[in-house]
Every structure is written in C-alpha cells, then in structure tokens.
Amino acid sequence: MDKKAKIYVAGHRGLVGSAIVRRLRAEGCTNLVLRTSKELDLKNTAAVAEFFAEEKPEFVFLAAAKVGGIVANESYPAEFIFNNLMIQSNVIHQAYLSGVKRLLFLGSSCIYPKLAPQPLKEEYLLTGPLEPTNDAYAVAKIAGITMCRAYNRQYGTRYLAAMPTNLYGQGDNFDLEKSHVMPALIRKFHEAKLAGAETVTVWGTGSPYREFLYVDDLADACLFLMNLPEDRYSSLLTLHASPALINIGSGEEVTIRELALMVKEVVGYQGELVFDSTKPDGTPRKLCDVSKLHALGWRHRTGLKDGIRSTYEWYLNIDK
23 MDKKAKIYVA
33 GHRGLVGSAI
43 VRRLRAEGCT
53 NLVLRTSKEL
63 DLKNTAAVAE
73 FFAEEKPEFV
83 FLAAAKVGGI
93 VANESYPAEF
103 IFNNLMIQSN
113 VIHQAYLSGV
123 KRLLFLGSSC
133 IYPKLAPQPL
143 KEEYLLTGPL
153 EPTNDAYAVA
163 KIAGITMCRA
173 YNRQYGTRYL
183 AAMPTNLYGQ
193 GDNFDLEKSH
203 VMPALIRKFH
213 EAKLAGAETV
223 TVWGTGSPYR
233 EFLYVDDLAD
243 ACLFLMNLPE
253 DRYSSLLTLH
263 ASPALINIGS
273 GEEVTIRELA
283 LMVKEVVGYQ
293 GELVFDSTKP
303 DGTPRKLCDV
313 SKLHALGWRH
323 RTGLKDGIRS
333 TYEWYLNIDK
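Going by my numbering, the first residue of the sequence shown is number 23, and it counts up by one from there.
What follows is the structure, given as structure tokens:
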C-alpha cells in the first residue's frame, strides 16, 4: 500500500480496528477513511453502496463486527449471525463493485470445529461440528470467508480472510457480561483488589487451553499481509489447501487457570481463586497453526505478561 492510498478501516473504533488505525498512522498513511456506526450503518445496504460509490477506497480492512464472549454469544445468537452477515456482505460486495484492490476480512479462530486436531490448520475449516456456544457467530464468519473465495474466483478480486486467535489490549471491552476472558479477568481482579474481596470466581474449571495475541501485534500482521508483494499475496489466494484464509496468532497457549494467575499477579490481587465448574468451559483447546504466517516472515513480538501489563495500565486510565 502506498502511504497516500485511500484506505478504509471498517470498525475503526473497536479493539481490532483502532489498533489497525494506530499502526497505519504510525506508518505514515494519511488518507484514511473512517466512519462511526452512527455515521454509516454497515447493515444498511443502500448506505454502504452510497459510501463506496463516493469514497472509492483502494484498500479495505474489514474489522467491523458484533463480537463478545460466551455469555454474549449464548444470550444473543440471532444478533450475532444477522449483524455479522449483513455487515460483511454489504462491505465485500460494494468493495467489489467499486474496484477495491485488496480487502482483508477479519474473522476468528472459533470458525474451526470444536474438536479439530491441534494446532488448528487452515484446512480444518468445515471438517466437523462447531462449538455450540458461539456457532451463530462462527457460521457468519465462515460465510465471510466463503464470500471472499467466491468473489476471488468469479470476479478476480484480491480478498484475503485472516483468522486471529484470542485478542486483547488497548480498546478492549471490559463489560463483564459481554467481554472475552482476558478483559473480564482484569476487571474482576481489579475490582476485587479495590474491595478487599477474599475470593475471585472464574467461570469454568480453568482447564481449557487458550492462545492470546496482543492486538497491536495483530495490527502489525494485518499491515504485513496487505503489503505483501503480489506473487506472495497471490499464493495465499490460490495455491494453498485452504485458499484465501490465513491464521494470525502467537502459536503459544496457556490454561485459563494459568492466565488467571498471571492476571492476578499483574493486578496485584492478594486473595484466592475459585473456579465455578457449573459454568461452561467452551472449546477444550484452541491453538492456531501459524506456520503459514511464520513462513512468510512474520512473528508476534509482545509476550503475554507484558501485554497484560500494558492492557491493565490502559484500563486504569479509562475515563481519566
């Protein structure tokens, strides 16, 4: 991408989108097109069509989505599938009609089967049943991947789907009902520390394994992929067992218990952990195979404890 190219970041105020914008600006990209959800409802087909016809961006980062943890996914499955299908369908189709050069569609590693072999390779997509607690969201994201492939095949577009692992960092959602595990733990331990609580309850048994990636590392990977030379970028769209799909992750995993203890240490909470085994664990293990990305020359830079520390420092300064 030329630094003066017109770049549209859909979902620029979210965890992923805001990190991409920070990285683009740090790289000297000055022609960014940004719209809040109030300014442009991506579920509104006519509004999205008008936006693309007027702006004609050259590159698109599709980071806009309805996201959440286990509680949110179980509570609002209809919203998760409808909103995400509408957002991605409108953006991908209008990107094609307006001649976008490259589009990066951001999904989630929950697209893979619940009991798929570990680590999760891109070719494991659609080889088994999904995790029931977030299947509505996963199906929507799988549709987005399939849409990118279909448009590439029929129209010759250059759309790539990137599947990040569990993300955290600046701009995260710390709502205890709707957040993912990392921000939920940070908030729980912080509030327990302030209240002098003797215990903190963590959902599930603590035994599932999870992989985490600092969101600024994800943004770095996104720009790395969008800036690949044409031959290497084209190979991702056509030559692999699972074309137009690439995992982004750290390739490292910890148990939820290990994560909770790490957050407890960073926050400085002195009480005890209690695991509520009546709550769902979700997928037992979800480690991404990132060998394809590593082979291209990209690796994450931020260690887990350093990332937790940076995220906690950001959380302490919210609204201050």
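C-beta atoms are modelled at their ideal positions from N, C-alpha and C, and glycine is treated no differently.
Thinking residue i and residue j are a contact (beta carbons under 8 Å), I'd like their distance in whole angstroms, please.
i	j	result
L235	I270	7 Å
P205	Y190	6 Å
H212	V289	5 Å
S120	K65	Not a contact, Cβ separation roughly 18 Å.
L326	M284	7 Å
E144	K314	7 Å
K26	T52	7 Å
I167	G129	6 Å
V237	A41	4 Å
E275	E233	5 Å
In the DSSP assignment, what residue or residues form a beta bridge with residue i?
i	result
E294	T221
Y30	V55, V82
N188	F234
R307	Y231
N269	M185
L142	C310
With DSSP collapsed to three states, give me the class of residue i.
i	result
V70	helix
M108	helix
L37	helix
L62	coil
K342	Per-residue confidence for K342 stands at a pLDDT of 49, beneath the threshold of 50, marking its modelled position as unreliable; no derived number is given.
V122	coil
T168	helix
F246	helix
R209	helix
L147	coil
K136	coil
L182	strand
F127	strand
V93	helix
T277	strand
P99	helix
Please identify the residue among the options whose C-alpha is closest to the C-alpha of residue i.
i	options	result
A164	Y118, A94, S131, P139	In the sequence as presented, Ala is not what sits at residue 164; that position holds Ile. Nearest option by C-alpha distance: S131.
P230	L84, V70, Y159, D303	D303
L126	L318, I103, I29	I29
T223	R209, R232, E233	R209
G150	K136, R57, Q140, N156	K136
L62	R44, R45, G33, A217	G33
P306	T155, M23, L107	T155
E153	D242, E96, E233	E96
M248	R45, G36, R35, L37	R45
G50	A217, L245, M185, Q116	L245
V113	P141, Y334, A69, K301	A69
M185	F196, W336, C310	C310
P141	A158, N174, V161, T187	T187
L198	G90, F74, R331, W336	G90
S264	A214, A183, I340, A317	A183
A317	S257, V31, R331	S257
Which word fits residue i, buried or exposed, when buried means at least 16 other C-beta atoms lie within 10 angstroms of its C-beta?
i	result
Q176	exposed
A85	buried
R47	exposed
S272	buried
Q292	exposed
D239	buried
G329	buried
L148	exposed
H202	buried
D194	buried
K342	Note that K342 has pLDDT 49, beneath the 50 cutoff, so the model's placement of it is unreliable and the number below is only indicative. Exposed, by the Cβ-count rule.
V82	buried
V38	buried
G228	buried
V296	exposed
R323	exposed
G36	buried
D298	exposed
Under 8 Å between C-beta atoms, does residue i make it to chain B?
i	result
K28	Among the protein chains of the structure shown there is no chain B, as only one such chain exists.
Following a CB-centred definition, is residue i positioned closer than 7 Å to any heavy atom of the ligand MN?
i	result
Y190	The ligand content of the structure shown is nil, which means the ligand MN is not present either.
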